[in-house]
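Written below as structure tokens is the structure these notes are about.
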Ligand SMILES: Cc1cc2nc3c(=O)[nH]c(=O)nc-3n(C[C@H](O)[C@H](O)[C@H](O)COP(=O)(O)OP(=O)(O)OC[C@H]3O[C@@H](n4cnc5c(N)ncnc54)[C@H](O)[C@@H]3O)c2cc1C
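Structure (structure tokens):
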């Protein structure tokens, strides 16, 4: 009987399934058409036009929540996902993610126009000097590998982050070779698969390389490479929403807190506070919504010190605990894309030169991308995301062309800039509770490797919130307390 | 009682996913076509317990895969990794050949033991493994990665071998001479790139890899990357027929220049 019914169902479906006739599309023509449509749309979104692809969502955020996450970049959504995944019973934790970039409009690609997540180059590596960073990145690699098991939403195509397992190749000069070797020892101890190469081996393996000044190199064999950050962000977001996370378009502008005064034995007065309400400015209106909440997670990336300030962090007198700022600042980083038809081929890894310049292959068509972190004096203005093309000519190109001589002739095709959520104190993330604001958690300050650590950090914060302690990876070394004590958690391999 | 909420949620996901694909700024046009939404989603929207069914069947499949790819810990502990690997391969109906042997073995491990001329099982070194058509996965490779002298590996038609698994094979980079990946549906050109570690590879079979894009170009790039190696199975002139319903993203990859322009645009808008 059941069989009969299925047959019926199928028969019923058949004509419906055939709605679109099979046809071989001329993909290029289609593409230009799509592109034109896109351009029209993009124009429509610019200020001065009243066009919107969707009625702007007027949905107010829920009035109260257990956890409010400020910032819907990859870190924010990862925290949201892990909170839902680890909640003791379904629906036990009410989570809201507040993101201001969505407000541009809910369907355009201009969304996340500034979020670092979508402006990154998508690299993942285990070649760090701190065991915590190596463990996080190993965890994330595993997460990316099993991403479809973690983030599959029913009825949707499998999640594929387009991982390129091409590895990172770090080059070390005379001065840095000893450090490199030491780092590799730590990496291997933590279970990363890294091999050391001499200049002769390098030359043999990578004939396109000029090994002048290279004394030693380390090359990641597994779990290193690059992937598509959009896919990761969208997959985390879709999954989290399918599990019941609320998303709210709007900007967090202030917190309403309760303060308790306490006096220490030495007579010093300390103010403990607790955030009661998160005040969200709704897009395109003068409306404000308040979310009553028990916990807040600061995952606002490069802007997280502003969010910390809203909670009074860093506003106290200079040598008190409340005077310690969250030392995370936006730092502009350029990425250039160039074409070089005779450039290195399929075996080209993510190359990190002795000078700190990096580059990698982008696709198969002879395109490459790369850049370098400017020195402190060269730090560009952070008002906008304009790209300085001279920077490539003067700082990036000479270094790369020296290392990879075939890059001497190349054509820059495009470029973009994004903000590192840069920790000026020690270039390491700040993770965990604040000592004085006792319901504010940090997950920020990743200084250029936040994308790859997001899955691990999300889990860590979820553990802190739900279990009160780290269970998988101990990230105590990155707590806010180190800033107060002035102890640096120094990571040597910051690119 | 939960049904209405669930239903609402299901619909919520659909609309969300349509808004989420990266370059798909014009996806609204395709939303209108119900066939593209997928039968499953259609059913999901109406019957909320379909989700549970699907989850259970996924879990079952996963469990089976996991069970078959377990690490043969007892054999490894008693006789070392080489014998452990042999046990694993034979369990999956594969074939093995040890150094010094002339013939492949695919029967029981005890029979293989009788055939060996070694006095001690611990001294055996596997030279060749043919595990084609099996359900070996990334985790199953745990059993193989400690082999000391593997020269020949046939992974053809293994549905669970993916790019991540390929990067695990780099442990054999100094010994491996022949590798077959023919007919592995999950392998893409991204994974093939990590074969550059295999300096001693002499023979590579990459025929019939449906997920590899731009086969002709990849063939040339592979040859350039592995000059010492004989590559078979991927023609220079091979181009794949246009995929019906290819996502915008794929098309974008075929026109990298445009993709990059788009990227630059996105930032300005
Ligand atoms: C050029 C470049 C290359 C990079 N390459 C890599 C790489 O190869 N590998 C890697 O791992 N990492 C890389 N990164 C770093 C990585 O992108 C970031 O560390 C990571 O994306 C940080 O994620 P996030 O979620 O914390 O921040 P973001 O993605 O910036 O998200 C923060 C969000 O918070 C929102 N927000 C801020 N303030 C408020 C507020 N008051 N109210 C509401 N919302 C708010 C913002 O709109 C933003 O969307 C790179 C970064 C750049 C710029």
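Chains as they are written, first to last, in UniProt numbering: chain A, 1 to 495; chain B, 1 to 269.
Every residue, glycine too, gets a C-beta built ideally from N, C-alpha and C.
query	result
Any heavy atom of ligand 1 closer than 8 Å to the CB of residue 170 (chain A)?	no
Mapping the DSSP letters down to three states, classify residue 487 (chain A) as helix, strand or coil.	coil
Name the two residues that bound the continuous beta strand (DSSP E) containing residue 253 (chain A).	251-263
At a Cβ cut of 8 Å, what residues of the stretch 164-194 of chain A count as close to chain B, listed as they run along the chain?	164, 165, 166, 167 and 193
Look at the alpha carbon of residue 487 (chain A) and the alpha carbon of residue 87 (chain B), and state the distance between them as a whole number of angstroms.	52 Å
Secondary structure at residue 55 (chain A), three-state DSSP: helix, strand or coil?	Residue confidence for residue 55 (chain A) is low, a pLDDT of 40 falling below 50, so the modelled location carries little weight and cannot support an answer.
Any heavy atom of ligand 1 within a distance shorter than 8 Å of the CB on residue 229 (chain A)?	yes
At least one CB of chain B closer than 9 Å to the CB of residue 203 (chain A): is that the case?	no
Residue 347 (chain A) versus chain B: which residues are under 7 Å apart at the beta carbon?	193, 196 and 225
Tell me, please, whether the CB atom of residue 202 (chain B) is closer than 9 Å to any CB atom in chain A?	no
Shorter than 9 Å from the beta carbon of residue 51 (chain B) to some beta carbon of chain A?	yes
Residues in the stretch 76-94 of chain A with C-beta within 8 Å of chain B's C-beta atoms, listed in sequence order?	none
Does any residue of chain B have a CB that is nearer than 9 Å to the CB of residue 126 (chain A)?	no
Quick check: residue 475 (chain A) and residue 425 (chain A), are their CB atoms within less than 9 Å of each other?	no
Just to confirm, does residue 101 (chain A) get its C-beta within under 8 Å of one of the non-hydrogen atoms of ligand 1?	yes
How is residue 250 (chain B) classed by DSSP in three states: helix, strand or coil?	Its pLDDT being 35, under 50, residue 250 (chain B) is placed unreliably by the model, and nothing is read from it.
Name the chain B residues whose beta carbon is nearer than 9 Å to that of residue 222 (chain A)?	164, 167, 168, 170, 171 and 194
Beta carbons nearer than 8 Å to chain B: which residues of the stretch 362-390 of chain A have them?	362, 363, 364, 365, 367 and 385
For residue 196 (chain A), write down the residues that DSSP places opposite it in a beta bridge.	A:218
Which residues bound the alpha helix (DSSP H) around residue 93 (chain A)?	Segment: none, residue 93 (chain A) is in no alpha helix (DSSP H) and carries neither H nor E.
Short of 9 Å Cβ to Cβ, which residues in the stretch 50-70 of chain B face chain A?	50, 51, 54, 55, 58 and 62
Could you tell me if residue 178 (chain A) is buried or exposed, where buried requires 16 or more neighbouring beta carbons within 10 angstroms of its beta carbon?	exposed
Tell me where the alpha helix (DSSP H) around residue 63 (chain B) begins and ends.	50-68
Give me the chain B residues within the contact set of residue 162 (chain A), using Cβ-Cβ distance strictly less than 8 Å, ordered along the chain.	190
From A:79, A:168 and A:416, pick the residue whose C-alpha is nearest to that of residue 246 (chain A); which is it?	A:79
With a Cβ-Cβ cutoff of 9 Å, do residue 105 (chain B) and residue 95 (chain B) count as a contact?	yes
Please list the partners that residue 145 (chain A) has in chain B, where partner means a Cβ-to-Cβ separation under 8 Å.	138 and 164
Inspect the beta-carbon positions of residue 433 (chain A) and residue 313 (chain A) and report whether they are closer than 9 Å.	no
Return yes when at least one heavy atom of ligand 1 lies under 8 Å from the C-beta of residue 461 (chain A), else no.	no
Which of helix, strand or coil does DSSP assign to residue 243 (chain A)?	coil
Taking 9 Å as the threshold (beta carbon to beta carbon), is residue 199 (chain B) in contact with chain A?	yes
I'd like to know whether the C-beta of residue 232 (chain B) is nearer than 9 Å to at least one C-beta of chain A.	no
Taking C-beta pairs closer than 7 Å, name the residues in chain A that residue 221 (chain B) reaches, listed in chain order.	345, 346 and 364
Output, in chain order, the set of chain A residues within a Cβ distance shorter than 8 Å of residue 218 (chain B).	346 and 364
With DSSP run on the structure shown, which of helix, strand or coil describes residue 392 (chain A)?	helix
In this structure, what does DSSP give as the bridge partners for residue 230 (chain A)?	For residue 230 (chain A), which the question treats as bridged, DSSP gives no partner whatsoever.
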